[in-house]
Amino acid sequence: MKKVLLLLAKGFETYEASVFIDVMGWNLIDGDGTTEVVTCGLEKHIKSTFNLMVTTDIIIDEVNVDDYAALAIPGGFEEYGFYEDAYNEKFLGLIRKFYNKNKLIASICVGAFPLGKSKILEGKSATTYNMKNDIRQEKLRGYGVNVINEPIVIDDNIITSWNPSTAMDVALKLLELLTSKEKSDYIREIMGFKI
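Sequential numbering from -11 applies to the sequence shown in this note's numbering.
In structure tokens:
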């Protein structure tokens, strides 16, 4: 089983988290049966954007990185406290552990910021939220990142993306890297997304 740890910060975007759950879940049930998502946060109960309460499977202190093939991080809203958790040293330390073990890491939108703050993006190419001028992209540059103005950027084992519109493609790309292009394309097709 290829487990994906879905790391949730307070104020995470529910849509950006749900794509990983859906894609890996569809693959588990209707695909090759090899992927599973485990949700995780600093606390057991996390309030997302727009005040949806979520109970995680585990908390950060319970994570054994060796049990996982990949880490997925959705973005979130500052207004809901996203950066309070995303910049917490335990959160950043877990990112570094995944990176140091050469695990796949996928982020959506401002989920790239904890990657930048953890320093795993220094000298690498990445992207982040691209709307409302380029304030967010400039902020990511401040972490020593070569910011590419593209919807999805992959450098080494790290996937970053623009905004919520890229979320499904990021989840399907992660599935492809965990399985194969053919298997990811099959899930894309049966979920009704054009190939």
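Ideal Cβ positions, reconstructed from N, Cα and C, are used throughout, including at glycine.
Could you tell me which of the options sits nearest to residue i, measuring between CA atoms?
{"i": "leucine 80", "options": "Val135, Leu165, Ser172, Lys107", "result": "Lys107"}
{"i": "threonine 37", "options": "Ala(-3), Ala94, Leu160", "result": "Ala(-3)"}
{"i": "glutamate 126", "options": "Gly180, Lys182, Ala100", "result": "Ala100"}
{"i": "glutamate 1", "options": "Phe181, Ala155, Met(-11)", "result": "Ala155"}
{"i": "asparagine 39", "options": "Ala60, Phe70, Val51", "result": "Phe70"}
{"i": "methionine 12", "options": "Ala60, Asp45, Leu82", "result": "Ala60"}
Would the beta-carbon of residue i fall within 7 Å of that of residue j?
{"i": "glycine 63", "j": "valine 26", "result": "no"}
{"i": "lysine 91", "j": "alanine 114", "result": "no"}
{"i": "lysine 35", "j": "tyrosine 75", "result": "no"}
{"i": "phenylalanine 65", "j": "glycine -1", "result": "yes"}
{"i": "lysine 171", "j": "aspartate 20", "result": "yes"}
{"i": "alanine 94", "j": "isoleucine 147", "result": "yes"}
{"i": "valine 53", "j": "lysine 85", "result": "yes"}
{"i": "leucine -7", "j": "tyrosine 56", "result": "yes"}
When burial is assigned at 16 or more other CB atoms within 10 Å of the CB, is residue i buried or exposed?
{"i": "asparagine 151", "result": "buried"}
{"i": "threonine 23", "result": "buried"}
{"i": "isoleucine 96", "result": "buried"}
{"i": "serine 168", "result": "exposed"}
{"i": "asparagine 15", "result": "buried"}
Which first and last residues belong to the beta strand (DSSP E) in which residue i is found?
{"i": "alanine 184", "result": "For residue 184 there is no data in the structure shown, the boundaries of the chain being -11 and 183."}
{"i": "leucine -7", "result": "-10 to -4"}
The segment 144 to 159 in contact with the segment -2 to 8 per 3-pair CB rule at 8 Å: yes
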